[in-house]
Amino acid sequence: MKKIRLAVGLLCILLAVAGCSKKKTEVSAPENNRGTVEDHTDAAAGSPGSANESAGAADTGIDSTVEAVEVSAEELIEKEIRGSFDYFWKETQTDPDSKGYGLNRDGNTGDRDFASIASTGFALSAYTVGAEKGYITLEEGKERSLKTLLTVRDELENIDGFYYHFYHLSTGEPYDVEVSTIDTALLLCGAIVSGEYFGGEVKEVAEEIYERVQWDQIVKSNNRFYMAYEPEEDGTMKKTGEWDVAAEQLMMYILGAGSPTYPVPGEMFYGFQRWKAVYGDYTYIRSWSNSLFAYQFSHAYIDFRNKTDRTGVDW
16 MKKIRLAVGL LCILLAVAGC SKKKTEVSAP ENNRGTVEDH TDAAAGSPGS
66 ANESAGAADT GIDSTVEAVE VSAEELIEKE IRGSFDYFWK ETQTDPDSKG
116 YGLNRDGNTG DRDFASIAST GFALSAYTVG AEKGYITLEE GKERSLKTLL
166 TVRDELENID GFYYHFYHLS TGEPYDVEVS TIDTALLLCG AIVSGEYFGG
216 EVKEVAEEIY ERVQWDQIVK SNNRFYMAYE PEEDGTMKKT GEWDVAAEQL
266 MMYILGAGSP TYPVPGEMFY GFQRWKAVYG DYTYIRSWSN SLFAYQFSHA
316 YIDFRNKTDR TGVDW
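Numbered as in the working numbering, the sequence shown ends at 330 without a single skipped number.
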């Protein structure tokens, strides 16, 4: 099987803090913003009055008497890593009798039964970090990872090896949502990291999941990937959308080209548009929304450093 080099230290998508120094960082309590509120209100209303007084008197819930503390960059990073790990470890289905075992809760909804397949991929990555840093034992991480991958392989409904965006945490049944190509890719990245780290049966199952993904089924005639299979009113699934500009999908070209079973041409990497933008002294390739996550997801798993494509872009 072709090797896809994926970084293990990454969970820390949240942790793209390269080159932190040992310098102490001062963390202060937020200042009371009463003056700012009053100034803005005056400008908007044209005159002072009860609106200003009301805004200024509002209880912000901030204790301005809290003293600043000093923490090192290393301490901040460690807290971020541990807090991120704890989320994935604790917000996951661990009922051994559930067909949703190993699914991780989506963090953007109050529905406790709402699990994300992408978040499950990040969870698999997190377990390698937790084992490496001693938050859990190697055996604990291996057991959770294997059971999760068995759920993915044997229990979760999918189409052509691609998974639904969201599943019920309690049952493993999919919600009435799209089958997502990018969220499946994030699951696969986590599965491959897990397999490479823990080895043995974990690696075997991870590779089985990867090898059954039919990348050639989601290629459009214009050399771009479809974004999803969307449910239709008649119960069928229709392929929709396309990855037409640079975003978080860069991993899909690596996974697709590297597939030993359903490979796609490496040429697909040049099928999407490259929009140039400028920030300060830097020219970069921007995503559709310019959201930060679009620049983090693929780079969290694939080392693009010092790699320039034939269009001259250093990713």
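Glycine is no exception: its CB is placed at the ideal position from the N, C-alpha and C atoms.
Boundaries (first-last residue) of the alpha helix (DSSP H) holding M266: 265 to 273
Proximal residues to R127 (C-beta, below 8 Å), its chain only, five neighbours per side dropped: R120, L184
Please confirm whether L161 and E216 have their CB atoms less than 8 Å apart. yes
Return the residue from the list G273, D191, I207, K94 that minimises the CA-CA distance to D249. D191
If I'm right that A228 touches V279 with Cβ under 8 Å, what's the distance once you round it to whole angstroms? Correcting the residue type first, residue 228 is Val in the shown sequence and not Ala. About 11 Å; that fails the 8 Å criterion.
So W290 is in the beta strand (DSSP E); what residue range does that whole segment cover? 290 to 294
Going by DSSP, what residue range makes up the beta strand (DSSP E) through R344? The requested residue 344 does not occur in the structure, where the chain is confined to residues 16 to 330.
Quick check: the Cα distance between K37 and A88, rounded to an integer number of angstroms? Confidence at K37 is low in this model, with a pLDDT of 35, below 50, so the placement of that residue should be treated as unreliable; the coordinate-derived value is given next. If you take the alpha carbons of K37 and A88, they lie about 6 Å apart.
Kindly indicate which three-state DSSP category T135 falls into: helix, strand or coil? helix
Just the Cα atoms here: how many angstroms apart are T298 and N321? 16 Å
Considering only residues of the same chain and omitting the five flanking positions on each side of E245, which have a CB-CB separation below 6 Å? E193, K253, T255
Just to confirm the assignment: which complete beta strand (DSSP E) runs, minimum length 3, are found wholly within the segment 239 to 265? 243 to 246, 252 to 255
So Y225 and L203 are supposed to be a Cβ contact under 8 Å. How far apart are they, rounded? 5 Å
Please report how far the alpha carbon of E170 lies from the alpha carbon of L153, in whole angstroms. 25 Å
Less than 8 Å separating the beta-carbons of D198 and I96? no
Given V328, which residues of its chain have a CB within under 8 Å of its CB, disregarding the five upstream and five downstream residues? R289, I300
Does the distance from the CB of A309 to the CB of E263 come in under 8 Å? yes
Identify the residues that DSSP records as bridge partners of D329: which are they? T323
Between Y150 and the rest of its own chain, which residues show a CB-CB distance below 7 Å, the 5 nearest in sequence each way excluded? R97, F100
Suppose contacts are defined by Cβ-Cβ distances below 8 Å. Is G156 in contact with T143 by that definition? yes
Where F287 sits in the DSSP three-state scheme: coil
Is T107 helix, strand or coil when you go by DSSP? strand
Taking its Cβ as the centre, do 16 or more other Cβ atoms sit within 10 Å of T251, making it buried, or is it exposed? exposed
Quick one: does the C-beta of K148 sit closer than 7 Å to a heavy atom of the ligand PLP? Summarising the ligand content, the structure contains no ligands, and the ligand PLP is consequently not present.
In chain order, what residues of the same chain have a beta carbon less than 7 Å from the beta carbon of D350, not counting five sequence neighbours either side? Because the chain is modelled from 16 through 330, residue 350 falls outside the range shown and cannot be assessed.
For K371, count neighbouring Cβ atoms within 10 angstroms of its own Cβ and tell me buried if that reaches 16, exposed if not. Here the chain covers residues 16 to 330 and nothing more, so residue 371 does not appear.
Determine which residues share a DSSP beta bridge with S195 and list them. A243
Residues sharing a beta bridge with N1, DSSP: Past the boundaries of the shown model lies residue 1; the chain is included only from 16 to 330, so the question cannot be answered.
Quick one: residues in its chain with C-beta nearer than 6 Å to the C-beta of Q108, no 5 flanking neighbours on either side, listed in chain order? G115, Y116, L118, L184
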